[in-house]
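Asker:
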Amino acid sequence: MTDIAQHMVYAYAVLRPTPEAARAVAALRGVADEQVGLVETGDLAAAVGPVPAREFGEAALTARLEELPRLESLARGHHGVVAALAPLGAVLPLRLATVYRDEDRVRQVLQERRDEFLPLLERLTGCVEWGVKVYTDAGGGTAAAPPEDDAGDSGLSPGRAYLAARRRRRRGAEDAWQAAVRTAARIADEAGEIAVERVTHRPQRGELARTGGGDAGENIANDAYLVPADRAEDFRSRVLAAAEGQEGVRVEVTGPWAPYSFALPPAPAAHRETA
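Going by the working numbering, 4 is the number at position 10 of the sequence shown; the sequence numbering is gapless.
1) Using DSSP with H/G/I as helix, E/B as strand and the rest coil, what is Thr119?
2) Would you give the residue range spanned by the beta strand (DSSP E) that Gly239 belongs to?
3) Could you spell out where the beta strand (DSSP E) holding Pro222 opens and where it closes?
4) Find the nearest neighbour of Glu219 within the set Ala5, Leu79, Glu241, Thr248, judged by alpha-carbon distance.
5) Just checking my contact of Val175 with Pro222 at CB under 8 angstroms: how many whole Å lie between their CB atoms?
6) Where Ala173 and Gly242 are concerned, what is the direct C-alpha to C-alpha distance, given to the nearest angstrom?
7) Which first and last residues belong to the beta strand (DSSP E) in which Leu9 is found?
8) So the beta strand (DSSP E) Thr194 belongs to, where does it begin and stop?
9) On the three-state DSSP scale, how would you describe Glu34?
10) Under three-state DSSP, which class holds Glu61?
11) Could you tell me how far apart the beta carbons of Arg244 and Tyr129 are, in whole angstroms, since I believe they sit closer than 8 angstroms?
12) My guess is that Leu68 and Val25 are in contact by the Cβ rule of under 8 angstroms, so how many angstroms apart are they, rounded?
13) Reducing DSSP to helix, strand and coil, say where Pro253 ends up.
14) Just to confirm, does Gly249 get its C-beta within under 8 angstroms of one of the non-hydrogen atoms of the ligand FAD?
15) Tell me whether His1 is buried or exposed, calling it buried when 16 or more other Cβ atoms sit within 10 Å of its Cβ.
16) Check the DSSP bridge columns for Gln102 and list the partner residues they point to.
17) What's the C-alpha gap between Ala21 and Glu28?
18) Checking the sheet assignment: what are the DSSP bridge partners for Gly43?
19) What number of angstroms, rounded off, separates the C-alpha of Leu65 from the C-alpha of Ile188?
20) Using a Cβ-Cβ cutoff of less than 7 angstroms, which residues in the same chain neighbour Arg271 once the five nearest sequence positions on both sides are dropped?
21) Exposed or buried, Gln105, counting other C-beta atoms within 10 Å across all chains shown (16 or more means buried)?
22) State the DSSP-derived secondary structure class of Thr130, mapped to helix, strand or coil.
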C-alpha cells in the first residue's frame, strides 16, 4: 500500500506563510499526535498534518463525530493547533474534521479560494473573537418566589397555596426573562461601540446551556464579537459593566479566541474528502 493510501491530510487553519508560522508549527502535534506542518502556495499557507486514512476516512470520521469522548478529543486537538497559531496574526480556523486526500489537493483549494482567503486574512488581522452569553439566572432573586409572600398562603388550602406559589414562580421567571432581554440589548449596544463585527448564534439549550453543573437558566443571547486585540480588556469591562446590578441575569464573557465565527467554512467539496 502506498503512503498516499495510508494517510490523508487534516487541515487546521489558513494563514500567511511566514518564518514565524513555520517555526510555530514545527513545535505542534495534531489530532492524531502527528507533526503539524505548512503547505504553501504563493502568499497563502495551510497548517496541516498527516493522519491515518483508516481513522480519518469518511466512514471512520463519521463514527468518530458521533461518539462524544472521541469528538471532544478531536475538538481539543484541533483547537490546540489553532490557538497556538492565533498569536502570529490573522488565522482562519477551518471547520472541525476538514480532511483532504493529499497535500496537492490542499494546494489546489488554496489557489481556488485565494480571492476569498486573502481579504479575510486582511480583515481579521489584529482582531480576536470574544463570546458573550446572557442567561436568566435560575439562582437569582427574581426567579424565586418572594419569601414574604409565603405568609399570605397560611390561610389557603394546600391546593390553593400550591397554585399561588406556582403563579409567583412564573411571574419571577418572566421578570428574569425580561431583565435578561433588556440586558442583552444593552450589552449589544455597548459591545457595538468597540467590536468590528458581531455574529448572533442560536441560543443554547439543554446540556449545552449548563456550565459548572447545576441549572444555568435560559440562554437568551449567544453572540460572538470581532474585537481589535488592543481593545480586548476594554471590551470585556464594558460588557460586564452593562450587566452589573441586573438581578436574575447572568452573563458569561469568554475569550480571546481565534476568530472561528468570522472565518468562512470550507467549501463543500473540501470537507471530509475520501482518499
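Even glycine gets a Cβ: it sits at the ideal position worked out from N, Cα and C.
Answerer: On the basis of the coordinates in this document:
1) coil
2) First-last for Gly239: undefined, no H or E at that position.
3) 213 to 222
4) The displayed chain sequence assigns Tyr, not Glu, to residue 219. When each option's Cα is compared against that of Tyr219, the closest is Thr248.
5) Actually they do not touch by this definition, with Cβ atoms about 28 angstroms apart.
6) 7 angstroms
7) 1 to 9
8) 191 to 195
9) strand
10) coil
11) 4 angstroms
12) 5 angstroms
13) coil
14) Of the ligands one can find in the structure shown there are none, so the ligand FAD has no counterpart to examine.
15) buried
16) Looking at the DSSP assignment, Gln102 forms no beta bridge with any residue, so it has no partner.
17) 11 angstroms
18) Tyr4
19) 34 angstroms
20) Here the chain covers residues -5 to 269 and nothing more, so residue 271 does not appear.
21) exposed
22) strand
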